[in-house]
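Per the working numbering, the very first residue in the sequence shown carries number 1; after that it's consecutive.
Glycine included, every Cβ here is placed at the ideal spot set by N, Cα and C.
Heads up, the thing below is written out as structure tokens.
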Amino acid sequence: PTRAAAPVAQVAPANAVVDHIVTLHPRMYSDVRGIGEHYRLGQPVIMNLSDMEESERKRMIDFASGLVFGHYGSIERVTSKVFLLTPPNVKVSNEDKTAAAQASFFNQS
């Protein structure tokens with residue numbers, strides 16, 4: 001017997017222009033689909049997990065790690081509960097954290 005063809009997911013081309021970044025605040029693991037859909041379209045995603053329980057947060061990080069690995073992207077921790085997922089065509093510059101802290105407006109010491 002032959003199988004019916006599965007629908008093909010839309011994926012952004014490698015040279016897609018990034019014109020915005022999506023910020024999502026999932027509250028439970030079932031919100032994972034939105035993260036995957038935006039990322040597959042080539043959109044960088046800021047994933048704020050501060051409203052999630054610890055066990056759900058770990059599952060979400062595991063999912064996001066697999067997602068970016070499977071699409072050759074990267075994941076970076078911004079704070080303890082905020083992560084940036086970037087597709088392979090987006091490069092993130094990391095500045096020297098010490099120099100940034102010393103030059104910061106909020107460093108008034």
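Item	Value
I21 to S55 span [Cα, whole Å]	26 Å
Three-state secondary structure assigned by DSSP to L49	coil
Paired residues, beta bridge with S74 - DSSP	T86
Inter-residue spacing [alpha-carbon to alpha-carbon] between S80 and H38	22 Å
Delimiting residues of the beta strand (DSSP E) encompassing V32	That residue, V32, is in no beta strand (DSSP E); its alpha helix (DSSP H) goes 32–40.
CB of M52 within 8 Å of CB of V82, strictly	no
Inter-residue spacing [alpha-carbon to alpha-carbon] between G70 and R40	10 Å
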